[in-house]
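Trainee: Following this message is one structure expressed as structure tokens.
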Amino acid sequence: TDAHLSAIEQARVLNAFVLETPDQARSMAREADAKIAKGEVGPLAGIPLGIKDLFATKGVRTTACSKILGNFVPTYESTVTSQLWRDGAVMLGKLNNDEFAMGSANETSCFGPVGNPWRREGSNTTLVPGGSSGGSASAVAALLCMGATATDTGGSIRQPAAFTATVGIKPTYGRCSRWGIVAFASSLDQAGPIARSTRDAAMLLRSMAGHDPKDTTSVDVAVPDYEAAIGKSVKGLRIGIPKEYRLDGMPAEIEKLWSEGAAWLKAAGAELVEVSLPHTKYALPAYYIVAPAEASSNLARYDGVRYGLREQGKNIIEQYENTRAEGFGAEVRRRVMIGTYVLSAGYYDAYYLRAQKVRTLIKKDFEDCFAKGVNAILTPATPSAAFGIGEKGGADPVEMYLNDIFTVTVNMAGLPGIAVPAGKDAQGLPLGLQLIGRPFDEETLFSLGEVIE
Ligand code: GLN
Numbered sequence: 027t028d029a030h031l032s033a034i035e036q037a038r039v040l041n042a043f044v045l046e047t048p049d050q051a052r053s054m055a056r057e058a059d060a061k062i063a064k065g066e067v068g069p070l071a072g073i074p075l076g077i078k079d080l081f082a083t084k085g086v087r088t089t090a091c092s093k094i095l096g097n098f099v100p101t102y103e104s105t106v107t108s109q110l111w112r113d114g115a116v117m118l119g120k121l122n123n124d125e126f127a128m129g130s131a132n133e134t135s136c137f138g139p140v141g142n143p144w145r146r147e148g149s150n151t152t153l154v155p156g157g158s159s160g161g162s163a164s165a166v167a168a169l170l171c172m173g174a175t176a177t178d179t180g181g182s183i184r185q186p187a188a189f190t191a192t193v194g195i196k197p198t199y200g201r202c203s204r205w206g207i208v209a210f211a212s213s214l215d216q217a218g219p220i221a222r223s224t225r226d227a228a229m230l231l232r233s234m235a236g237h238d239p240k241d242t243t244s245v246d247v248a249v250p251d252y253e254a255a256i257g258k259s260v261k262g263l264r265i266g267i268p269k270e271y272r273l274d275g276m277p278a279e280i281e282k283l284w285s286e287g288a289a290w291l292k293a294a295g296a297e298l299v300e301v302s303l304p305h306t307k308y309a310l311p312a313y314y315i316v317a318p319a320e321a322s323s324n325l326a327r328y329d330g331v332r333y334g335l336r337e338q339g340k341n342i343i344e345q346y347e348n349t350r351a352e353g354f355g356a357e358v359r360r361r362v363m364i365g366t367y368v369l370s371a372g373y374y375d376a377y378y379l380r381a382q383k384v385r386t387l388i389k390k391d392f393e394d395c396f397a398k399g400v401n402a403i404l405t406p407a408t409p410s411a412a413f414g415i416g417e418k419g420g421a422d423p424v425e426m427y428l429n430d431i432f433t434v435t436v437n438m439a440g441l442p443g444i445a446v447p448a449g450k451d452a453q454g455l456p457l458g459l460q461l462i463g464r465p466f467d468e469e470t471l472f473s474l475g476e477v478i479e
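Mapped onto UniProt numbering, the consecutive letters of the sequence shown carry residue numbers 27 to 479.
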């Protein structure tokens with residue numbers, strides 16, 4: 027814990043942590059020590075972790091990296107983090123993220139952007155760590171913590187993992203409780219770990235997962251010993267290669283990485299099959315209707331009365347308006363406007379309802395594929411390596427949204443997906459591959475992920 031606390035101090039330039047909690051960390055570490063001395067060794071005894079600032083931590087400021095929650099100190103602990111503490115983990119502090127987890131570059135945080143510890147060969151340009159869990163990925167990659175919590179609504183665990191050569195898994199929807207996690211788009215949000223290896227990710231997920239009666243979408247199924255899946259043979263597993271992910275204009279190095287990944291799995295005894303997910307091309311537009319719609323509804327609660335920031339106004343309406351105008355950043359306001367529009371009486375059928383129908387078709391594509399005996403699907407994790415801060419999406423937000431092209435389908439279908447480091451681009455930057463699994467079969471993803479890693 028001490029070693030990590032001093033590493034954090036020395037790497038403040040990355041802006042990965044938005045709050046350091048050294049006193050709490052040392053006291054949790056001492057507590058873990060005392061338990062170990064008594065022979066009570068939890069599975070994560072003494073392991074120092076960073077916590078995305080979207081997870082409510084009791085008595086410790088939790089902001090979702092939004093000004094509107096700038097002074098919010100929860101009186102409760104999220105289920106996921108309380109399970110980590112139950113198993114002996116230590117909290118080093120709270121990690122930066124895109125405001126309300128909206129973004130793919132960690133540039134929308136009210137605390138400013140996060141730096142990626144990786145650099146292009148021969149260049150000093152600071153690159154983004156991806157988003158929205160950019161602080162989590164950067165902190166793990168820079169060895170500031172042994173692992174981190176993260177959330178994934180449309181790729182926010184897997185894309186930053188790919189940009190930083192770390193491992194990130196978004197488990198099946200319903201696997202981890204969302205209780206005490208600031209809501210973005212409730213039908214898509216899932217918690218998961220970002221870690222240094224598939225084994226570490228497996229150990230963390232085991233503690234984070236599990237049924238919780240406080241979240242009605244949490245599913246009551248047993249949590250397997252994920253670590254046991256590491257090193258398990260992948261012989262005979264059928265791996266689908268979806269032809270629709272072969273995008274026009276995909277960089278040659280991504281294409282090459284993807285074939286290499288397939289070859290490694292084949293060499294390990296897996297069988298490769300071409301599969302078709304015909305509705306893939308509609309996933310991104312449908313996601314950018316469903317996610318803002320749910321966000322606009324979830325964010326209605328930030329009214330200047332119940333939480334955080336309060337601006338004055340002549341009457342209650344003005345108070346709401348002033349609070350929200352002052353408290354929300356540009357990307358959040360954009361999503362609230364899109365969401366309100368697609369849910370409005372005249373447009374609901376044309377946009378929201380349609381997007382929901384598309385979502386059903388996307389889910390069915392995967393079901394058909396799994397019904398044919400496919401165990402997992404291999405795709406690139408992102409269409410490119412990390413880019414420079416401020417390089418993308420400035421004039422056109424859609425440019426940034428395109429970065430989610432390989433990840434959003436997984437959230438739309440509620441499936442588990444893992445991103446594992448697989449290689450480097452021509453400039454020496456990490457690239458990741460994604461494996462998508464059957465519902466509640468994260469184990470297969472860990473076994474396959476470890477082969478690639
Ligand atoms: N980049 C996507 C978005 O901005 C996904 C974010 C996430 O998964 N939280 O909505």
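Even glycine gets a Cβ: it sits at the ideal position worked out from N, Cα and C. Note that the coordinates shown come from a computational prediction; the quantities given were computed from them, not determined experimentally.
What do you reckon, is the C-beta of M438 under 7 Å from a heavy atom of the ligand GLN?
Mentor: Checking the Cβ of M438 against the ligand GLN gives no.
Trainee: Using C-beta distances below 8 Å, list every residue in its chain close to L457, excluding the 5 sequence neighbours before and after it, in chain order.
Mentor: Closer than 8 Å at the Cβ level, and outside the excluded window around L457, lie A188, E279, I280, L283, P406, A407, T408, A411, P447, A448, G449, K450, D451.
Trainee: Is there at least one non-hydrogen atom of the ligand GLN closer than 7 Å to the beta-carbon of S322?
Mentor: No.
Trainee: Using CA atoms only, rank isn't needed, just tell me which of G420, T47, T88, Y199 is closest to G206.
Mentor: Answer by Cα proximity: T88.
Trainee: L121 bridges to which residues according to DSSP?
Mentor: In the DSSP output, where bridge partners are listed per residue, L121 has F43, K78.
Trainee: Can you tell me where the beta strand (DSSP E) holding R264 begins and where it ends?
Mentor: That run of the beta strand (DSSP E) goes 264-268.
Trainee: Answer with buried or exposed for E300, where buried requires no fewer than 16 other C-beta atoms within 10 angstroms of its C-beta.
Mentor: Exposed: under 16 other Cβ atoms inside 10 Å.
Trainee: Starting from D178, trace the alpha helix (DSSP H) both ways and give me its first and last residue.
Mentor: That residue, D178, is in no alpha helix (DSSP H); its beta strand (DSSP E) goes 173-178.
Trainee: If you compare alpha carbons, which of A51, I462, T134 is closest to P423?
Mentor: It is T134 whose Cα lies nearest to the Cα of P423.
Trainee: Taking only runs that begin and end inside the segment 380-464, name each unbroken alpha helix (DSSP H) of 4 or more residues, in chain order.
Mentor: Here the runs fully enclosed are 380-397, 423-427, 434-439.
Trainee: Less than 8 Å between the C-beta atoms of T152 and G420, yes or no?
Mentor: Cβ atoms of T152 and G420: not closer than 8 Å.
Trainee: If I'm right that G262 touches G295 with Cβ under 8 Å, what's the distance once you round it to whole angstroms?
Mentor: Between G295 and G262 the Cβ distance is about 7 Å, and since that is below 8 Å, they are a contact.
Trainee: For A165 and S370, what's the separation of their Cα atoms in angstroms?
Mentor: Going by the C-alpha atoms only, they are around 40 Å apart.
Trainee: DSSP has Q345 in a bridge; who is on the other side?
Mentor: Bridge partners of Q345: none, in fact.
Trainee: Quick check on D28: buried or exposed, where buried means 16 or more other Cβ atoms within 10 Å of its Cβ?
Mentor: Its Cβ having fewer than 16 others within 10 Å, D28 is exposed.
Trainee: Please identify the residue among G266, V106, Y252 whose C-alpha is closest to the C-alpha of A289.
Mentor: It is G266 whose Cα lies nearest to the Cα of A289.
Trainee: So, do the segment 396-405 and the segment 139-154 have three or more beta carbon pairs nearer to each other than 8 Å?
Mentor: Not touching, per the Cβ criterion.
Trainee: Considering just the uninterrupted stretch of the beta strand (DSSP E) at Q50, what are its terminal residues?
Mentor: Looking at the DSSP string, Q50 is not in any beta strand (DSSP E); the run it does join, the alpha helix (DSSP H), is 48-63.
Trainee: Take K240 and list the residues in its own chain whose beta-carbon comes closer than 6 Å to its own, dropping the five residues that flank it on each side.
Mentor: Cβ within range, chain order: W205.
Trainee: Can you give me the C-alpha to C-alpha distance between C202 and K340, rounded to a whole angstrom?
Mentor: Answer to the nearest angstrom: the Cα atoms are 43 Å apart.
Trainee: Determine, using beta carbons only, whether V384 and A321 come nearer to each other than 8 Å.
Mentor: Result no, Cβ atoms of V384 and A321 do not sit closer than 8 Å.
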